[in-house]
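By the numbering used here, the letter at position 109 of the sequence shown is numbered 109, and the numbering carries on one by one without gaps.
Cβ atoms here follow ideal geometry from the backbone N, Cα and C, with glycine treated the same way.
All values derive from a computational prediction rather than experimental measurement.
Since the structure comes first, as structure tokens, the remarks are kept for the end.
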Amino acid sequence: MSRSFGGLRAVDDVSFEVAVGERLAVLGPNGAGKSTLFNLVCGDLEADSGRIILAGEDVTVLQLHHRVRRGLARTYQTSSVFDGLSVAEHLILARRGIEAHRLSLRFSRAERQRMREAAEDLAGTVGLTHRIDDIAEVLSHGERRQLEVAMALAAHPVVILLDEPAAGLSASERSLLTELLLGLDGSVALVLVEHDMEVALTVADRVIVLESGRMIAAGTPDEIEADPLVRAVYLGEQHGTRAEPSANSHHGGAP
Ligand SMILES: Nc1ncnc2c1ncn2[C@@H]1O[C@H](COP(=O)(O)OP(=O)(O)OP(=O)(O)O)[C@@H](O)[C@H]1O
Ligand SMILES: [Mg+2]
């Protein structure tokens with residue numbers, strides 16, 4: 001896929017596959033094009049060229065909600081929870097949003113019960129059972145990230161794309177999140193953008209590395225860690241000063 005913004009080739013002829021149950025990490029410095037790639041795959045952004053095949057079906061021209069119904073789910077780099085809604089309410093709405101008759105607010109008692117149980121299951125999956133009736137405002141940063149993963153899982157995805165889920169987490173929150181990712185249903189394909197090498201390389205079966213919109217490396221975590229080009233553009237930066245992910249500052253090329 002390719003996508004430019006004016007003269008800037010944000011994603012430049014990047015191609016990748018992810019298999020059923022596979023864990024793929026997408027690494028790269030600030031401005032490498034990782035979030036743009038996610039936006040193209042999910043349909044938040046239109047591609048200039050390229051195709052997306054989901055389980056054998058070409059979904060390139062489908063709008064985001066149609067892709068979601070076919071099993072694509074994602075989280076965003078910036079928080080997408082509502083302060084005043086509870087964990088259960090987020091999960092019910094996330095599920096409701098992809099079901100038929102979703103605009104109807106008439107629920108039978110049985111349906112309410114079913115939705116509540118589904119929300120409890122999801123909360124359990126991400127370790128938020130004890131928070132189920134708390135509003136998002138009182139959750140820690142890490143718990144909000146867990147909630148966002150649960151919201152993506154609510155759609156019963158076949159592919160889940162997570163954009164920097166570990167950004168801004170404390171060390172203990174990061175290891176919780178790593179456990180959560182390792183424990184995801186084995187039938188879900190996971191694509192993970194992550195700046196935290198430890199999280200990414202622990203979770204991933206395979207890694208691709210982007211730099212200035214181009215894919216500069218692909219391989220197993222071991223191969224990627226040993227790749228001199230990757231070390232120069234990515235690890236070099238990790239050990240230097242790195243802007244916050246949300247700052248979206250552009251990486252000025254290899255040091
Ligand atoms: N909507 C947009 N309009 C114009 N330029 C954009 C837009 N979205 C992204 N860009 C630019 O495209 C390039 C890639 O941005 P992108 O957000 O995909 O990088 P990233 O790899 O996710 O970086 P980060 O690690 O900081 O999140 C950057 O130079 C960015 O400024
Ligand atoms: Mg990004």
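For V158, which residues from the same chain have a beta carbon less than 7 Å from its beta carbon, with the 5 sequence-adjacent residues on both sides left out?
-> A55, G71, V188 and A189
Check your understanding: S212: beta carbon under 6 Å from a heavy atom of ligand 2?
Key -> no
For this session: Have a look at S175 and L169 and give me their C-alpha separation to the nearest angstrom.
Result: 9 Å
Do V18 and G33 have their C-beta atoms closer together than 7 Å?
no
E46 burial status per 10 Å Cβ neighbour count (16 or more: buried):
exposed
task = Report the rounded CA-to-CA distance for R144 versus T125, giving the unit in angstroms.
result = 14 Å
Requested in this report: Would you list the one or two residues that DSSP bridges to R9?
Outcome: S4
| How should T241 be labelled, buried or exposed, when 16 other C-beta atoms within 10 angstroms of its C-beta is the threshold for buried? | Note that T241 scores 41 on pLDDT, short of 50, meaning its location in the model is unreliable and no value can be drawn from it.
At 4 residues or longer, and completely inside the region 29-102: list those alpha helix (DSSP H) runs for me, N to C.
34-42, 64-69 and 87-96
Practice problem: Output the distance between the C-alpha atoms of H130 and A118, rounded to the nearest integer angstrom. | Solution: 15 Å
Worksheet item: CA-CA distance, M1 and V233?
Response: 22 Å
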